[in-house]
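So the sequence shown is numbered by my numbering: it starts at 274 and just counts up by one. C-beta atoms are modelled at their ideal positions from N, C-alpha and C, and glycine is treated no differently. Scroll down for the structure; my scribbles are underneath it.
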Amino acid sequence: MLITDHLLLNYKRCNRRTFLEFYGDFQQRDPEKDFLVKLKRENKTHIANVIQNKWIDTQDGNTLNRYKPQASRRDWELNAAQTVALMEQGADYIFQGTLKVSVLDWQTGLRHNIFSDRLNSNQQELLKETVFTAAPTLLIKQPGNSKFGDWEYTSVNIKLGRRAKPEYKLISAFHAQLLSIIQQKVPTKSQLILKEHNDYFVNLDIWLTKVQSVVAECLIMLAQKQEPEVFISRQRCNLCSWHGYCHQIAKSANHLSLVPGITPKRYEYMQKIGVDNFESLINVSEANLAEALDNNDIARQLKQQAIALKSDRPVVRSSFDLVNTQPIPSGVFEIYFDIEAEPERNIDYLLGVLLVDRTTNTESFHAFVAEKPEDEGKIWQEFLDFMTLYPDAPIFHYSEYEVDTIKRLGRLYDTPKSTIKELVSQLVDLHEWVMESTIFPVESYSLKALANWIGFFWRETAGSGDQSVCWYDQWLSTQDRTLLNLILSYNEDDCRATRYLKDWLLDFLEYQRNQSIVNF
Numbered sequence: 274m275l276i277t278d279h280l281l282l283n284y285k286r287c288n289r290r291t292f293l294e295f296y297g298d299f300q301q302r303d304p305e306k307d308f309l310v311k312l313k314r315e316n317k318t319h320i321a322n323v324i325q326n327k328w329i330d331t332q333d334g335n336t337l338n339r340y341k342p343q344a345s346r347r348d349w350e351l352n353a354a355q356t357v358a359l360m361e362q363g364a365d366y367i368f369q370g371t372l373k374v375s376v377l378d379w380q381t382g383l384r385h386n387i388f389s390d391r392l393n394s395n396q397q398e399l400l401k402e403t404v405f406t407a408a409p410t411l412l413i414k415q416p417g418n419s420k421f422g423d424w425e426y427t428s429v430n431i432k433l434g435r436r437a438k439p440e441y442k443l444i445s446a447f448h449a450q451l452l453s454i455i456q457q458k459v460p461t462k463s464q465l466i467l468k469e470h471n472d473y474f475v476n477l478d479i480w481l482t483k484v485q486s487v488v489a490e491c492l493i494m495l496a497q498k499q500e501p502e503v504f505i506s507r508q509r510c511n512l513c514s515w516h517g518y519c520h521q522i523a524k525s526a527n528h529l530s531l532v533p534g535i536t537p538k539r540y541e542y543m544q545k546i547g548v549d550n551f552e553s554l555i556n557v558s559e560a561n562l563a564e565a566l567d568n569n570d571i572a573r574q575l576k577q578q579a580i581a582l583k584s585d586r587p588v589v590r591s592s593f594d595l596v597n598t599q600p601i602p603s604g605v606f607e608i609y610f611d612i613e614a615e616p617e618r619n620i621d622y623l624l625g626v627l628l629v630d631r632t633t634n635t636e637s638f639h640a641f642v643a644e645k646p647e648d649e650g651k652i653w654q655e656f657l658d659f660m661t662l663y664p665d666a667p668i669f670h671y672s673e674y675e676v677d678t679i680k681r682l683g684r685l686y687d688t689p690k691s692t693i694k695e696l697v698s699q700l701v702d703l704h705e706w707v708m709e710s711t712i713f714p715v716e717s718y719s720l721k722a723l724a725n726w727i728g729f730f731w732r733e734t735a736g737s738g739d740q741s742v743c744w745y746d747q748w749l750s751t752q753d754r755t756l757l758n759l760i761l762s763y764n765e766d767d768c769r770a771t772r773y774l775k776d777w778l779l780d781f782l783e784y785q786r787n788q789s790i791v792n793f
């Protein structure tokens, strides 16, 4: 069995993913998303930039080649042998090396057999063939004392993330553990370098203990072939190639992770009182659920959500005051606003506006597009000029991003505070309205999920916020206007979906309000 640092990284994020990488049918996997390909490409560029700035001139191929094994990492056994040879020679840096350790060497020095009390003899025999490998970004020679001489090696891992996530720390500690076995000396440090080139040093006193525990749990799961339960997490699962497969399983079982608001921790508490599917959530008393979750409002909300999903009908949230809350604003002119942004470049490249004239029942789409990243300031001013034509129009959007972006661009381009204040006062967040008023029979409260449920569909079926970013990235490289048109079409439909949702929500709440008054 081959256990790589990549598998352990996935295990920390989702143990089921690691299990499927070992035992799953790869034909069940989703095609790799363009956005994931883009992230991988950006990560390689980030690594090259950091190494060039801090250590090695990567533009000089000969210089770089002196610091890495000749074998590719695909030939991991030969690469690992060449990495050790470079360590024995005392190479200042080792780039694209591989660390390799057997499970027997891993257990040397531990106080007890970490598997013996959990596995039968056949399973323990399976583990005896286990090999651990790791691919640190860089190994750096340091003064010290190791089996190689008066030097040792520490690992550096370069990541595109902005913060030192627990899984990053775990993998850095895993590298340190393998290094300690190979060089017979625990490294003095293990370093992370993140998106802003900021250094982070992992506390090995804490994380070496944690990595031993995680590795043991991972090996036991694989040896026993214990398939972890499905749990759909919208953010964590989004880019996973097994998402479609797992979602089908969850859907067929009416798994509670499909209920918005149910986190892994809440699911754990609910299981303790026998709530493990839609039916049991609907039937459990609100008092018992509230006691398990230690929150009356959450218990009421989750029961309503399960009822809505089971009946495929929306319901008014029990906490919403239908009668006394003022209706969603309307106007002679209404504006529906959506932004497309590229986080890597920190640019908002499209400010999309759908203008609706209620007197003539007409609409027109206006796109302010930065065809080059340096055009952001130009389209921001064009957007502001357009908005001054409609000072009384409510500006509908979905989520806080539009508010935050208006404030960010205002600061960046020295827009008068009074202008920003007036613009923000016109904003109406439909996401906020939805979350306060209505439970929808959906698994996610994204704009697309809600709009699809009420009958609106995007023309670009492959479109998404992530895909728009990929289209823009490709546009900058190719100047293929087809890509720009795809972005415009997708953004226009975002604006139209926002209008569709607003009109639906206004009618729904008005109907429910009238019914409430009649029944009263």
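L411 and G650 have their C-alpha atoms roughly 39 Å apart. Judged by their CB atoms, A724 and A770 are nearer to each other than the 8 Å cut-off.
DSSP places W328 outside both helix and strand once states are collapsed to three, so it counts as coil.
As DSSP reads the structure, T427 sits in a beta bridge with I413. If you check the CB distance, E716 and P533 come in under 8 Å. Excluding residues up to 5 positions away in sequence, K576, A579, I580, K583 lie with their Cβ nearer than 8 Å to the Cβ of I555 in the same chain. Nearest neighbour of Y284 by Cα position, chosen from I493, M660, E541, turns out to be I493. If you draw a 10 Å sphere on the C-beta of R732, you find fewer than 16 other C-beta atoms in it, and that means exposed.
Residue ranges of uninterrupted alpha helix (DSSP H) with 4 or more members, entirely inside the segment 471-502 and ordered along the chain, are 477-497. A640 sits in a strand when the DSSP states are folded into three classes. DSSP, read as helix, strand or coil, puts T277 in strand. The three-state secondary structure of I505, taken from DSSP, is coil. Of all C-beta pairs linking the segment 639-646 to the segment 337-347, fewer than three are shorter than 8 Å, placing the two stretches out of contact. For the pair A408 and D348, the Cα-to-Cα distance works out to about 12 Å. The C-beta separation of R590 from S710 comes to about 6 Å, placing the pair in contact by the 8 Å criterion.
Bounds of any alpha helix (DSSP H) do not take in K401, whose DSSP letter is neither H nor E. The Cβ neighbour count for P439, taken over all protein chains shown within 10 Å, is under 16; the residue is labelled exposed.
Assignment of T678 by DSSP, reduced to helix, strand and coil, places it in the helix class. Per DSSP, reduced to three states, the secondary structure at G517 is helical.
Secondary structure note for E305: it is in no beta strand (DSSP E), with a DSSP letter that is neither H nor E.
Within the model, the alpha-carbon separation for T461 versus F308 is close to 37 Å.
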